[in-house]
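First the structure, in the form of structure tokens, and then the observations on it.
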Amino acid sequence: MDWKAIATKVTQLVEEFAPVAETFAGPELTAAIEIGRTVLDLGHKVVDVAGADAATLEAALPALEARVVAMAQEESAALRG
Amino acid sequence: MKRLAIFLPLLLVLPSCAGTINTAGSTAASTADLLGFKIPATLTRTSADEKAITDAWLVFEGFLKIEQQARVSGKLIPGTRKAVTVANAIDRTTAALQAASAARRALSADKYAAAWAQASAAFADAQRALKGQ
């Protein structure tokens, strides 16, 4: 199954319908749309990783790790209030 | 909250879309896994190692973005018991993934498997806490 093609098509659909949905948006709907985009973006990235070569992934890992650790620290602090 | 509940399970489903990670170069697959990605029992510089740890960081980043939306939209209120529980699980997941990354770089299979198991447990806790279970 071509997951990349499926993810691309679903992303296109979400991007087409999101502006319409956001017309009626409260905070919950906006959050739900953003979560949907996040999940789709993650789907694209996971598919990309599956097709990537080791050297490319190895080179990108330090930046990825630093970015996620920084976000985790920020979110942890924000959640503690 | 119902809408958030619809999307959260997707995080659990997505990794399976990528199929099984090829663990070529490994002698056996560990029973420890994170979100369905099997890790090699013996570490070598294989593509599978990079893919497994990269996927783990990406999935954790996706979780953080969803948690952030829950916080910004007012569904997860900072300072509450639930929020602190999520924060604690985020800290434990971060530390365990960092330990797994360090063990991978050092080619230490035992430490990698232990850290991976800790990350898996902590991440499961974070998901349960965010979903209010």
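Protein chains in written order, with numbering that gives the first Met the number 0: chain R, 0 to 80; chain W, 0 to 132.
Don't be surprised by glycine CBs; every beta carbon is placed ideally from N, CA and C.
Chain W has a Cβ within less than 8 angstroms of the Cβ of P26 of chain R. Along the segment 55–72 of chain R, going in chain order, the ones with a CB nearer than 8 angstroms to a CB of chain W are L56, E57, A59, L60, L63, E64, R66, V67, V68, M70, A71, Q72. Residue burial annotation: D48 of chain W is buried, with at least 16 other C-beta atoms found within 10 angstroms of its C-beta.
In terms of Cβ geometry, G80 of chain R and G78 of chain W form a close pair [threshold 8 angstroms].
In this structure L12 of chain R is exposed. Its beta-carbon is surrounded by fewer than 16 other beta-carbon atoms within 10 angstroms.
Taking C-beta atoms as the reference points, G61 of chain W and V68 of chain R fail to come closer than 8 angstroms. Spatial neighbours of A88 of chain W in its own chain (CB-CB distance under 7 angstroms, excluding positions within 5 residues in sequence) are listed in chain order as A121, D124, A125, A128.
Among the residues of the segment 49–65 of chain W, those with a Cβ less than 8 angstroms away from any Cβ of chain R are E49, K50, I52, T53, D54, W56, L57, V58, F59, E60, G61, L63, K64, I65, in the order of the chain.
Within the segment 37–53 of chain R, contact with chain W at the beta-carbon level (separation under 8 angstroms) is assigned to T37, V38, D40, L41, G42, K44, V45, V46, V48, A49, A51, D52, A53. In the three-state reduction of the DSSP assignment, S72 of chain W falls in the coil class, being assigned neither a helical nor a strand state.
If you ignore the 5 residues before and after K3 of chain R, its C-beta comes within less than 7 angstroms of the C-beta of V46, all in its own chain and listed in chain order.
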